[in-house]
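Numbering (mature numbering (1 follows the signal peptide of the UniProt record, and there is no 0)), first residue to last: -16 to -1, 1 to 73.
Presented below is the structure to which this report refers.
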C-alpha cells in the first residue's frame, strides 16, 4: 500500500490522473481495478458502496470510539465541452 500511495504522490501522475484511471480500468478490467483502488487512499476514506458494505466498517470504527460521517457521492462522465457548459450555469 505504501508503494501505491507514493505512486499517487508523484507530481506527473497527479496531472494525468484521469488518463491513468481510465488506462487502469482498461488494463485490469472492472473487478481487478476496483480491488486495486480499495487498497489505495480510496479504500482508506470510502467505507463502501452500499449499506451492506458500510455497516460493518461503521461498527468496527465505533468499537474504537470513532464516529462516522456519511456522505453520498455521485459521479458522471462528461465530455470536456459538457463540463465547461455545466460550470458556466
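Cβ coordinates follow ideal geometry from the N, Cα and C atoms, glycine included.
- Excluding its 5 nearest sequence neighbours in each direction, residue 9 has C-beta neighbours in its own chain below 8 Å: 17, listed in chain order.
- Separation of residue 45 and residue 73 (C-alpha to C-alpha, rounded to the nearest whole angstrom) is 40 Å.
- Shown here, residue 32 sits in coil according to DSSP, grouped into three states, outside any helix or strand.
- Taken atom to atom, the span from the alpha-carbon of residue 3 to that of residue 13 is near 15 Å.
- Between residue 52 and residue 42 a beta carbon distance of about 5 Å is seen, short of the 8 Å cut, so the two are scored as contacting.
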